[in-house]
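Read left to right, the sequence shown gives residues 778 to 1132 (the working numbering). For glycine and all other residues, C-beta sits at the position ideal for the given N, C-alpha and C. All values reported here derive from a predicted model rather than from experimental measurement. Structure record follows, encoded as structure tokens.
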Amino acid sequence: MEGVINHMSTEKKYNVAVVGATGAVGQKIMSFLEEKPFNFGEIKLLSSKRSAGKKFSLLNKEITVEEAKPESFDEVDIAFFSAGGSVSEKLVPEAVKRGTVVIDNTSAYRMTEDVPLVVPEVNEDALEKHQGIIANPNCSTIQMVVALKPIAEEFGLSRVIVSTYQAVSGAGLSAEEELNNQVKQYVNGEKMEANILPVGSDKKHFPMAFNALPQIDVFQENGYTKEEMKMVNETKKILSNNNLPVAATCVRLPVFTSHAESVYVEVDKAGVSVDELKETLANGKGLVLEDNIETQTYPTPLEAEGKKEVFVGRIRKDLDTANGYHLWIVSDNLVKGAAWNTVQIATSLVNKDLV
Ligand SMILES: NC(=O)c1ccc[n+]([C@@H]2O[C@H](COP(=O)([O-])OP(=O)(O)OC[C@H]3O[C@@H](n4cnc5c(N)ncnc54)[C@H](OP(=O)(O)O)[C@@H]3O)[C@@H](O)[C@H]2O)c1
């Protein structure tokens, strides 16, 4: 029957490991595994030594978190990695050596040539070439390319300039906790303590509460931050267009969840109307158009929280450049920007029999 996915008809059960299970992204991945996107065998929850022994309930079973080690991947079919780049660099090759297919949420392998960088709504076919590792793109890139894909297909894309308004949950649970504490400190008239943002490992830290920080990740030699260069390079790779001009400015805001982006695009086709652009976006895979200035309808981070889609609104024609348009794109960075995209990738791999 059309529309029935393969795995329902096969009895195959997949053993799954979640590496970084106690973290912000790992916890969300577990919540999507509860939706049983495919048949599970054993599920392992892995972390550092610190959290080993913690217990979580998943699919009506109590599972004890174990320390992630090379042997943890014996007999594992699919592993979700979200425990930081250095953990992926060390343990992903060990998992692949044992026949595990890895979906990696960190930046460790995103730009490696033979590693597909996948957003299923945009380039699902790239999965077919995988050699054991599939990389999940950066959260801010994922939501942008979901909106850029239908524009590129319909009108051709000739330039992208993006400014982001990113949530603190993108920097992990400890950054969320710090913002929470700073809000309380500010309201109580106390000095705000800053030890994490903009970047834990950098020299200086600034309060995030009631502030805006134009630094996400460390600075590169060219003056852009690593996050900005991720958006530039990953967008070109996912859209298979190395010549596409892309520039990014990434800013952290005191928002807990969902990134927002102001995106300027130029298209190849002349004379595209705003209505045509809206229609194209409304029909785009994984996209929801929320755009009506009369009813003040537009996406916001709070509204997008917990949802799997990418929301787009405030679509306008540029005032001076003939083929230029402005968009406002919002999505939950932990859901579509991380956990849901990885679970979608795993489901595609199962349905395409690529595990
Ligand atoms: N947050 C986002 O929006 C987002 C989006 C896309 C990708 N990512 C990437 O996903 C990764 C995790 O992000 P997060 O926000 O979930 O961070 P997080 O909340 O700080 O969680 C980190 C997780 O990694 C585990 N871990 C740390 N060191 C480890 C080690 N040596 N061995 C095994 N596990 C270890 C931690 O376990 P313990 O409990 O034992 O410390 C915890 O489960 C990062 O690389 C991040 O770049 C994040």
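C-beta contact flag for Leu822 and Ile840 at 8 Å: With contacts defined by Cβ atoms closer than 8 Å, Leu822 and Ile840 form a contacting pair.
Close-in-space but distant-in-sequence residues of the same chain around Asp854 (CB under 6 Å, 5 per side omitted): For Asp854, same chain residues with a beta-carbon under 6 Å away, outside a window of 5 residues either side, are Tyr791, Asn792 and Val1132 in chain order.
Beta bridge counterpart(s) of Gly1090 as assigned by DSSP: Paired residue(s): Trp1105.
Beta carbon of Val842 nearer than 8 Å to that of Thr799: Yes; because the gap between Cβ atoms is below 8 Å, this pair is in contact.
Rounded separation between Trp1117 and Lys805 - CA only: Between the alpha carbons of Trp1117 and Lys805 lies a distance of about 8 Å.
Val795 versus Val1040, Val878 and Leu1096, residue with shortest Cα-Cα distance: Closest by alpha carbon: Val878.
Minimum C-alpha distance to Asn1069 - residue among Leu1054, Gly1048 and Ile1092: Checking every option, the nearest Cα to that of Asn1069 belongs to Ile1092.
Span of the beta strand (DSSP E) around Tyr1001: Tyr1001 -> no beta strand (DSSP E), and no H or E assigned at all.
Close beta carbons around Thr1124, own chain, < 7 Å, minus the five adjacent residues each side: So the qualifying residues of the chain are Pro814 and Phe815.
Cβ neighbour criterion (16 or more within 10 Å) applied to Val964: Val964 should be labelled exposed.
The beta strand (DSSP E) enclosing Gly818, as first and last residue numbers: Looking at the DSSP string, the run of the beta strand (DSSP E) that includes Gly818 is Phe817 to Ser824.
Proximity test, Cβ basis, 8 Å: Arg875 and chain D: Within the model displayed, chain D is absent; a lone protein chain is all it includes.
Three CB pairs or more closer than 8 Å across the segment 1035–1048 and the segment 937–953: With the cut-off at 8 Å, the segment 1035–1048 and the segment 937–953 touch.
Nearest-angstrom beta carbon gap, Val896 and Leu1064 [assumed within contact, 8 Å]: A Cβ-Cβ distance of about 12 Å is found for the pair Leu1064 and Val896, leaving them out of contact under the 8 Å criterion.
Any non-hydrogen atom of ligand 1 closer than 7 Å to Ser828 Cβ: Relative to ligand 1, Ser828 has its C-beta within less than 7 Å of a heavy atom.
Buried versus exposed call for Val995 [16 or more other C-beta atoms within 10 Å across all chains shown]: Around the Cβ of Val995, a 10 Å sphere holds fewer than 16 other Cβ atoms; the residue is exposed.
Classification of Phe932 by the beta-carbon crowding that lies within 10 angstroms, buried from 16 upward: Counting Cβ neighbours within 10 Å, Phe932 comes out buried, since at least 16 surround it.
Unbroken beta strand (DSSP E) run spanning Ala952, endpoints: That residue, Ala952, is in no beta strand (DSSP E); its alpha helix (DSSP H) goes Leu950 to Val964.
Ser946 beta carbon near ligand 1 (any heavy atom closer than 7 Å): Flag set: Cβ of Ser946 near ligand 1.
Rounded C-alpha distance that separates Ala989 from Leu1126: When rounded, the distance between both Cα atoms is 39 Å.
beta-carbon Asn1100 near ligand 1 non-hydrogen atom, thresh 7 Å: In this structure, Asn1100 has its CB at a distance of at least 7 Å from all heavy atoms of ligand 1.
Segment contact flag, the segment 1050–1063 with the segment 970–988, C-beta cutoff 8 Å, min 3 pairs: Flag = no, the segment 1050–1063 and the segment 970–988 do not touch.
Ligand 1 heavy atom lying under 7 Å from the CB of Val864: For ligand 1, a non-hydrogen atom lies closer than 7 Å to the CB of Val864.
Closest by C-alpha distance to Ala1099, when choosing among Glu852, Val1042, Ile928 and Ala845: The candidate whose alpha carbon is nearest that of Ala1099 is Val1042.
Inter-residue CB distance, Glu1011 and Arg887 (contact presumed, cutoff 8 Å): Under the criterion of beta carbons closer than 8 Å, Glu1011 and Arg887 qualify as touching, at roughly 6 Å.
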